[in-house]
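Structure, as structure tokens:
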Amino acid sequence: MRHPAQRLHFCPSTNTLLVALGGILQCFSGTTGALMTSWSAPQLAVRTTKKEKRAQEEQEKKAQEEGGEKKAQEEEGKKDDEKKDEEKKEKESSPSKKRKVDTAEEEPAWVRTSMLGVGAPRGDGEGTGNSITRMLTVQEGRYLVVVTNEDKTLRVFEIAAGGAELKVLSERAMPKRLCAIATADSENTILLADKFGDVYSVPLLPAPEELAALTPTAAVSTVAPTAAQLAKAERDRLAAEKRKRTEISLDLPFTHTLLLGHVSMLVDIASVTVPGPQDTKPRTYVLTADRDEHIRVSRYPQGHVIEGFCLGHESFVSKLLIPTWDTHTLVSGGGDDFLLVWDWCSRKVLQRIEVGDLVAGVIGRKVAGGKLDQAEAEADRVFKVTVVGLWEVPSLRQVLVAFESVPAIFVFTHDEATSNLAHPITIALTGNPLDLAVDPAGPAFWVSVVPATAEGPGIEQFMHAGSQQWVSTSSSEALASIAAETAKVGFAGDEKVLNEGLLYAVGLLRKGTGRPEREE
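Using the numbering used here, the letters of the sequence shown correspond one by one to residues 1 to 520.
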């Protein structure tokens with residue numbers, strides 16, 4: 001089967017469309033659709049499943065027990081030709097105990113090797129390959145930031161020759177899998193959120209001296225310290241103790257700063273800079289969403305200072321959007337059958353948008369959201385709403401919304417008179433949406449879908465035609481060229497693993513679906 005494009009990103013400055021298919025990144029011209037360059041993520045060894053691990057452990061244990069019994073039988077059949085002093089000791093001690101000790105001491109070599117962890121890489125569950133999960137261009141398209149899941153690595157590329165060349169500038173392996181990224185400090189800092197609830201920052205480009213990753217050793221002084229030196233050493237020790245909460249105790253060979261932490265699994269992150277009170281220095285804030293219905297507003301870079309929480313969702317929050325036309329407004333969505341529009345500065349809900357009927361009109365099924373009881377959760381006829389994407393079209397002041405397993409894009413337009421979002425149109429798709437990329441100059445957008453048929457398109461394109469209308473341009477030569485190249489990337493593994501691990505993973509955040517609370 002063809003591998004669907006799980007991630008799309010459009011870079012306006014270079015007019016290029018970036019398409020991620022598993023671990024393959026393809027860069028296309030936004031005008032002609034020609035393939036300009038491509039890059040493949042390094043593939044790792046296949047990870048073993050929990051079931052396979054348990055079977056291997058049971059087999060090792062059984063082999064170890066059988067080896068001990070065989071050795072005991074051999075010892076019982078041997079004649080006692082030991083020296084007299086040894087014969088006396090054997091009579092005083094228990095033979096069974098001696099055999100037990102010998103078995104433990106002479107453990108088979110292959111068992112010891114397995115216990116040391118030699119073999120498959122660490123991890124539970126069958127992998128979907130080293131897939132690309134996040135993409136972001138910064139500094140007017142000069143750099144591309146890419147996150148891959150299996151090796152947990154953040155890569156920064158330099159985009160050269162108008163998008164025809166991708167040069168890897170840095171590769172930084174993170175301790176845990178990243179679920180979302182954002183930027184700060186005029187796009188010179190990358191904010192990284194992992195599923196364990198931590199958010200930390202790294203510079204866009206590591207310092208040259210970090211390439212060596214060496215720390216010089218200080219010379220040992222033979223002179224007795226003075227009282228002033230002892231006092232300074234004590235102050236430094238106390239200061240180091242206070243910094244423990246803002247430093248990750250990991251042996252990482254690059255600069256990294258812990259900003260904040262959630263108890264729950266993090267899902268999305270956004271950053272915004274707004275003018276300070278009374279025209280003072282602008283302030284930057286970090287907004288984070290988690291699985292426990294929380295939206296946290298924190299200061300940057302003082303992430304330990306919590307401004308407050310936006311509380312109003314009844315299920316997990318999967319997506320955050322701060323529209324550029326009003327940076328004091330936040331649009332959020334997740335596992336509820338409604339969207340919320342906030343004044344995030346005051347943490348007040350400005351508008352609640354019911355989307356259950358809109359989704360039901362497309363799929364023709366009963367729709368529910370939030371926390372479901374057991375009967376609702378087990379009923380196949382009840383569809384659980386899950387927001388998988390929020391995007392903006394700045395020139396039109398529109399918000400595009402996609403739901404998991406709903407073949408449509410819902411367009412909401414900002415009403416300047418009421419400052420609310422109104423739903424004027426629904427755009428039908430040929431398959432379930434995965435990701436979307438907006439060209440603000442068109443305006444236009446591309447959307448990647450899971451094709452309903454083997455011949456169906458994997459990427460669709462729509463252009464704005466005025467009067468709140470969007471028309472499909474999927475028959476254009478440029479899109480046909482893109483489709484021809486992306487169709488060459490196939491997937492030969494377990495389709496269920498692909499769906500649950502990469503394509504339809506957001507809905508599994510709903511509690512009661514059996515998804516683990518945290519994963520590496």
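Cβ coordinates follow ideal geometry from the N, Cα and C atoms, glycine included.
- Residue nearest to Ile132 within the set Thr148, Leu238 and Gly197 is Thr148 (criterion: CA-CA distance).
- Closest in C-alpha terms to Phe462, from the list Ala487, Val305, Lys496 and Thr426, comes Thr426.
- Assigned with DSSP and collapsed to three states, Gly493 falls in coil, not helix or strand.
- Val145 sits in a strand when the DSSP states are folded into three classes.
- Here DSSP, grouped into helix, strand and coil, assigns Ile363 to helix.
- Asp194 is positioned such that its CB atom lies closer than 8 Å to that of Cys179.
- By alpha-carbon distance to Lys511, the top candidate from Asp290, Lys232 and Ser474 is Asp290.
- For Lys384 and Glu500, the gap between their C-alpha atoms comes out near 15 Å.
- The continuous stretches of alpha helix (DSSP H) do not include Ile322, and DSSP gives it neither H nor E.
- Assigned with DSSP and collapsed to three states, Gln139 falls in coil, not helix or strand.
- A distance below 8 Å separates the beta carbons of Thr386 and Gly507.
- The beta-carbon distance between Ala20 and Arg7, rounded to whole angstroms, is 4 Å. This is short enough to meet the 8 Å contact definition.
- DSSP places Ser201 in the strand class (E or B) of the three-state scheme.
- Inter-residue distance for Gln56 and Phe338 is about 47 Å (C-alpha atoms, whole angstroms).
- Minimum Cα-Cα distance from Leu503 among the listed residues Pro457, Ser474, Phe403 and Ala480 corresponds to Phe403.
- Residue burial annotation: Asp435 is buried, with at least 16 other C-beta atoms found within 10 angstroms of its C-beta.
- Here Lys281 carries a coil assignment [DSSP, helix/strand/coil].
- Cβ-Cβ separation between Ile322 and Ala368: approximately 28 Å, too far for a contact (criterion under 8 Å).
- Counting the other Cβ atoms within 10 Å of the Cβ of Ser186 gives fewer than 16, which makes it exposed.
- In this structure, Leu509 lies near Gly335, with their beta-carbon atoms less than 8 Å apart.
- Note on Val450: 16 or more other CB atoms within 10 angstroms of its CB, so buried under the neighbour-count rule.
- 8 Å or more divides the Cβ of Ser476 from the Cβ of Pro440.
- Between Gly458 and Ala483, the beta carbon gap of about 6 Å places them in contact (Cβ cut-off 8 Å).
- Following the DSSP letters along the chain, one finds Leu330 inside the beta strand (DSSP E) bounded by residues Thr329 to Gly334.
- Taking all protein chains shown into account, Asn130 has 16 or more neighbouring C-beta atoms within 10 Å of its C-beta and is therefore buried.
- Inside the region 443-490, DSSP marks whole alpha helix (DSSP H) runs of 4 or more residues at positions 477-486, from first to last along the chain.
- Around Phe10, the same chain offers Leu17, Ala437 and Asp439 as residues with beta carbons nearer than 6 Å, after the five sequence neighbours per side are excluded.
- In the same chain as Ser13, and ignoring 5 residues on each side of it, the C-beta atoms closer than 6 Å to its own belong to Glu140 and Gly141, in chain order.
- For Gly493, the closest alpha carbon among the candidates Ile409, Gly22 and Ala5 is that of Gly22.
- Contact between Thr486 and Gln26 holds: CB atoms are separated by about 7 Å, below the 8 Å threshold.
- In the structure shown, Ser131 adopts coil according to DSSP, grouped into three states.
- The bridge partners DSSP lists for His9 are Leu18.
- Under DSSP, Leu436 forms a beta bridge with Val447.
- Burial is judged here by how many other beta carbons sit within 10 angstroms of a residue's own beta carbon; Pro206 has at least 16 and is buried.
- CA-to-CA, the gap between Glu392 and Thr324 works out to about 8 Å.
- The Cβ atoms of Gly456 and Thr430 lie closer than 8 Å to each other.
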